[in-house]
Structures are given as structure tokens and as C-alpha cells.
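Numbering (the numbering used here), first residue to last: 433 to 636.
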């Protein structure tokens, strides 16, 4: 399951509810309720982290990047910043770490009238670093679509984002266990602990 980081939580909650009811119909109602509640919580945490990252004016960023359009596809971009069309971090490892989430956006010339109203947080695309190799471009995969289309002969920038991906993945792994995935049958906690976990939250 993958939901866009720009999806509104109301729509995400509707999707999760429908998914749980259809895919986990074999579970008891209290088990489905528990799983649905915690999946929505983890997605809300991820959404909040992403929105907070997008709202920050100062994050680690690399500018002056280009896209190798001949090697790129509709969902993956090959990004480089050297004359040899390779990616070289400007500080530390930069973005050369698989799984990193970043905002890829146009880095327009200040004198450009075409992009005068361009807003990278709004118009850029959230991407995930999919492949990192020495002396090769950085391969990033789209996690959201762009509002303003990317074009050839433009400069681009990457801004680091914190999206609470680690916490979300851990939560999803727990949900697989509690959802009684056959591959996780040996990881189930004590039945009494499961019963306690499935108790509905107290009403205020």
C-alpha cells in the first residue's frame, strides 16, 4: 500500500477503512478496528512530518542539478551535477543514500518571468532516492506528481525531507503480525497481550 504524501488525511482514512474491511474480513470486528485505527495514526504522523518539512524555509539542499532526459522515465529521473553526468555530493553524502525522501523542484533563474510565481513546496515533486552508484547519476523515483511540469534545459534542486518513514514502516510491520499474516505467525505475541491490545479506546 502506498499513499501520496500530499493526499488529504480524510481521503486516506476513507481508503484505509475500505481496505481493512475488504482485505481483513476474516478478522473479528475489534481486530479490524484496532488495525484501522493504528494505520491511520501512522499515516497521520507521516503526513504531519512531511507537511512540516515542506513548510521549513531552511533545510539541507543541493542546487544546480540537471536531469538526464535520455535515461529518465515517466516515474524515475536520473539527476546529475557534473560535466560527466554523474552525481557528486556537495557536502557529506548529500542525497547519495537509498531510501532518502526529498523534494525535487525547478531552480529557476531569478530573472525568469515564466517562473516568477513558482513555489517549490507547492509545485515540486516529492521523490525517493531509488538507486545510488559511484560515477553514476542519482536515480530518484516520484512519490507525488508535479504541479508545474519539469522540462529540459532547466536547473533543479533537491531539498531534504523528514517524513517519519521509519516509524511508518515499523507500524506497518506490526500490523502484518497482528493481522495474522501467515508469514508472521511465529511473531505473534502472547494471546492475552493481543487481547489487551485489542481493547477499544476509552471514551472521553
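Note that beta-carbon positions come from the ideal geometry of N, C-alpha and C, so glycine has one too. Nothing here was measured: the structure is a model prediction, and the numbers come from that model.
Report task. Evaluate the contact criterion for the stretch 536-544 versus the stretch 577-587: three or more CB pairs, one atom per stretch, below 8 Å. Result -> yes
Query raised in the report: Can residue 435 and residue 444 be called in contact, C-beta distance under 9 Å?
Result: yes
**Report entry** Endpoints, alpha helix (DSSP H) assigned at residue 453
**Finding:** 441-455
Query raised in the report: Buried or exposed: which applies to residue 545, given that a residue is buried once 16 or more other Cβ atoms fall within 10 Å of its Cβ?
Result: exposed
Report task. Pull up the distance between the alpha-carbon of residue 447 and that of residue 518, whole angstroms please. Result -> 40 Å
Query raised in the report: Between the beta-carbon of residue 467 and the beta-carbon of residue 475, is there less than 9 Å?
Result: no
Report task. Have a look at the DSSP bridge pairing and note the partners of residue 560. Result -> 533, 573
Requested in this report: Name, in chain order, the residues that DSSP records as bridge partners for residue 583.
Outcome: Partner(s): none; residue 583 has no beta bridge.
Query raised in the report: Would you say residue 513 and residue 532 are within 9 Å of each other, going by their C-beta atoms?
Result: no
Query raised in the report: Which whole-angstrom value describes the C-beta separation of residue 510 and residue 581, a residue pair presumed to lie in contact below a C-beta threshold of 8 Å?
Result: Going by Cβ atoms, the distance from residue 510 to residue 581 rounds to 17 Å, so no, they are not a contact pair.
Query raised in the report: Near residue 573, which residues of its chain fall below 7 Å by C-beta distance, leaving aside the five closest residues on each side in sequence?
Result: 507, 508, 559, 560, 562
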